[in-house]
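Reviewing the structure listed below.
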Amino acid sequence: MGSSRTRNLQVFDTELSADTVEWCPLPHYAHILACGTYQLQKDDEKNTSRTGRLYLFQFDQQQCFSPPLTEIQRIDTPAILDLKWCHTELFERPLLGMATACGEIQLHQLKDAPEGSCALGRVSSTELGPDRLALSLDWSTGRGDSTDPRVVTSDSTGTLTVLSLAEDTLSAVSQWKAHDFEAWISAFSYWDTQLVYSGGDDCKLKGWDLRMGPSSPTFTSKRHSMGVCSIHSSPHREHILATGSYDESVLIWDGRNMRQPLSETPVGGGVWRLKWHPVHEHLLLAACMHNDFHILHCQHAADVNESPCSILASYILHNSLAYGADWSRLPLSAPPPPTEPTPAPVNLAEPTSHKGHLRIQYESPTNSFDTSMEDECGRYVPDSTTVVSAPPPVPSIGDDSTSLSCLLASCSFYDHMLHVWRWDWSPETETQSGETGPTPSS
Numbered sequence: 021m022g023s024s025r026t027r028n029l030q031v032f033d034t035e036l037s038a039d040t041v042e043w044c045p046l047p048h049y050a051h052i053l054a055c056g057t058y059q060l061q062k063d064d065e066k067n068t069s070r071t072g073r074l075y076l077f078q079f080d081q082q083q084c085f086s087p088p089l090t091e092i093q094r095i096d097t098p099a100i101l102d103l104k105w106c107h108t109e110l111f112e113r114p115l116l117g118m119a120t121a122c123g124e125i126q127l128h129q130l131k132d133a134p135e136g137s138c139a140l141g142r143v144s145s146t147e148l149g150p151d152r153l154a155l156s157l158d159w160s161t162g163r164g165d166s167t168d169p170r171v172v173t174s175d176s177t178g179t180l181t182v183l184s185l186a187e188d189t190l191s192a193v194s195q196w197k198a199h200d201f202e203a204w205i206s207a208f209s210y211w212d213t214q215l216v217y218s219g220g221d222d223c224k225l226k227g228w229d230l231r232m233g234p235s236s237p238t239f240t241s242k243r244h245s246m247g248v249c250s251i252h253s254s255p256h257r258e259h260i261l262a263t264g265s266y267d268e269s270v271l272i273w274d275g276r277n278m279r280q281p282l283s284e285t286p287v288g289g290g291v292w293r294l295k296w297h298p299v300h301e302h303l304l305l306a307a308c309m310h311n312d313f314h315i316l317h318c319q320h321a322a323d324v325n326e327s328p329c330s331i332l333a334s335y336i337l338h339n340s341l342a343y344g345a346d347w348s349r350l351p352l353s354a355p356p357p358p359t360e361p362t363p364a365p366v367n368l369a370e371p372t373s374h375k376g377h378l379r380i381q382y383e384s385p386t387n388s389f390d391t392s393m394e395d396e397c398g399r400y401v402p403d404s405t406t407v408v409s410a411p412p413p414v415p416s417i418g419d420d421s422t423s424l425s426c427l428l429a430s431c432s433f434y435d436h437m438l439h440v441w442r443w444d445w446s447p448e449t450e451t452q453s454g455e456t457g458p459t460p461s462s
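Under the numbering used here, the first residue of the sequence shown carries the number 21, and numbering increases by one thereafter.
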């Protein structure tokens, strides 16, 4: 048996609608978090514009009197649809790829700044074509291989583009029409980077072999009943693939047999993003649009074709569309001691401040109350923990069944909120708990 709980660490108002978050995967920069926003603005009845902002943060859990997450940079940009860090250093620096609403892929390099900080600087960009939105991107470096780094991207015309990176310049090596409507997602197989997957609003999941050319897909699956908007190749297990759709299901596949998935897990909301854990091969994070964020355990699905995956924990404190989510590689200190459960779960409502240490209003089914993340002197006070019920536990997560603490970030759209939270799992406790949040102040 095991215990599981999530705990909110900090909330940040991004002002514009937030739709993508990415922790830097490189060990020396694992404390760096990027967040992208998307804002549709109607100038008049006929003209609209899409603007965005790229945020850069650093996380320091040792800060006792200030929030652990600190904004260190913001850059006004075209609206951002997707962000992805290269999994390895290129040209001796971290690189962040960005897909924008002006149909452009931008590369930003992370450079060290004074006083131990760092900052992003744009180094390259390429346009995919006229009158299109770049909707997603993925790097070929998912298993740490920096030879021949490439980017695959999908756009609103249903087109896929593969880009190569020489020096610090992106150039298209292949482009083809892949889907009838928007191609919401594109992804490499991290085990054979000549294989590319794509999903579109035509409800089709497709595979492509770049060695054979894009004249026809290697497979076309209609197993999802609505638009396919998330794909992630497992960096740990060859052939394992996770896909998500507006049909509110997460499918686990063996890439050698795409006729039928290994498992299907209903998650109660359209699956906008899926992320395998960077270390623990069976853990999968899902951003489920209308139904919050969930951590799935997929071992049985991948090993013995059992379905569905178990849901280990859920983070429910967002108050809008759950879009962006990511795991951090940053190690965390030991979890805090558990607290007594309170009678009712809490939900996040609108903030009453837009700067610094947010003062948040939480509502329970019976009453509403304010709780502050700062004390009377303005010093940061981490919130305590509330516990509610969760699904049955899974016997083991790690190979040695030791306790696990993970740092995560998630963002939601219309309420323009970025959350940083932790998930703690322990095999020793007999009972398991799921969603947690701040306890009301007396």
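Glycine is no exception: its CB is placed at the ideal position from the N, C-alpha and C atoms. Predicted model only: the values in this text are computed from it and were never measured.
Ordered along the chain, which non-local residues of its own chain (more than five positions away) have a Cβ less than 8 Å from that of residue i?
i: residue 34; result: 55, 57, 73, 75, 431, 436, 437 and 438
i: residue 211; result: 163, 253, 258 and 259
i: residue 297; result: 303, 304, 305, 347 and 426
i: residue 434; result: 37, 340 and 341
I need the DSSP call for residue i, collapsed to helix, strand or coil.
i: residue 135; result: helix
i: residue 319; result: helix
i: residue 324; result: helix
i: residue 335; result: strand
i: residue 414; result: A caution first: residue 414 carries a pLDDT of 48, below 50, which makes its placement in the model unreliable, though a value can still be read off. Residue state, collapsed to three classes: coil.
i: residue 217; result: strand
i: residue 11; result: Outside the displayed span of the chain (21 to 462) sits residue 11, for which this structure offers no information.
i: residue 343; result: strand
i: residue 38; result: strand
i: residue 169; result: coil
i: residue 150; result: coil
i: residue 210; result: coil
i: residue 252; result: strand
i: residue 463; result: In the structure as shown, the chain starts at 21 and stops at 462, and residue 463 therefore has no counterpart that could be examined.
i: residue 47; result: helix
i: residue 463; result: No answer is possible for residue 463: it lies beyond the span of the chain, which begins at 21 and ends at 462.
i: residue 25; result: strand
i: residue 66; result: coil
i: residue 80; result: coil
i: residue 108; result: coil
i: residue 446; result: strand
i: residue 265; result: strand
i: residue 130; result: strand
i: residue 270; result: strand
i: residue 298; result: coil
Does the beta-carbon distance from residue i to residue j come in below 8 Å?
i: residue 180; j: residue 203; result: yes
i: residue 116; j: residue 89; result: no
i: residue 272; j: residue 265; result: no
i: residue 156; j: residue 102; result: yes
i: residue 332; j: residue 320; result: no
i: residue 189; j: residue 108; result: no
i: residue 205; j: residue 249; result: yes
i: residue 118; j: residue 92; result: no
i: residue 208; j: residue 226; result: no
i: residue 192; j: residue 218; result: no
i: residue 290; j: residue 309; result: yes
i: residue 50; j: residue 294; result: no
i: residue 77; j: residue 46; result: no
i: residue 98; j: residue 68; result: no
In terms of DSSP beta bridges, what is residue i paired with?
i: residue 241; result: 225
i: residue 431; result: 344 and 438
i: residue 314; result: 306 and 334
i: residue 56; result: 40 and 74
i: residue 179; result: 197
i: residue 187; result: In DSSP, residue 187 forms no bridge with anything.
i: residue 160; result: None, per the DSSP bridge assignment.
i: residue 31; result: 439
i: residue 426; result: 443
i: residue 125; result: 119 and 146
Please go through the same chain and pick out, in chain order, the residues whose beta-carbon is closer than 6 Å to the beta-carbon of residue i, but skip the five residues on each side of it.
i: residue 261; result: 253, 273 and 275
i: residue 344; result: 39, 40, 41 and 431
i: residue 146; result: 125 and 190
i: residue 95; result: 74
Keeping to the same chain, check which residues put their C-beta closer than 7 Å to that of residue i; ignore five residues upstream and five downstream.
i: residue 144; result: 127, 188, 189 and 190
i: residue 153; result: 101, 121, 123, 175 and 176
i: residue 446; result: 22, 23 and 423
i: residue 169; result: 106, 110, 159, 160, 161 and 185
i: residue 247; result: 204, 220, 221, 223, 265 and 266
i: residue 281; result: 243, 271, 272 and 273
Does the beta carbon of residue i fall short of 7 Å from some heavy atom of the ligand NAD?
i: residue 207; result: Inclusion of the ligand NAD in the displayed structure is not the case, the ligand content being empty and no account of it being possible.
Contact check, residue i vs residue j under 8 Å by CB: the rounded distance?
i: residue 285; j: residue 329; result: 4 Å
i: residue 159; j: residue 106; result: 5 Å
i: residue 196; j: residue 234; result: 4 Å
i: residue 81; j: residue 352; result: 7 Å
i: residue 130; j: residue 113; result: 6 Å
If you measure from the beta carbon of residue i to each beta carbon in chain B, is any gap under 8 Å?
i: residue 436; result: The structure shown has no chain B; it contains just one protein chain.
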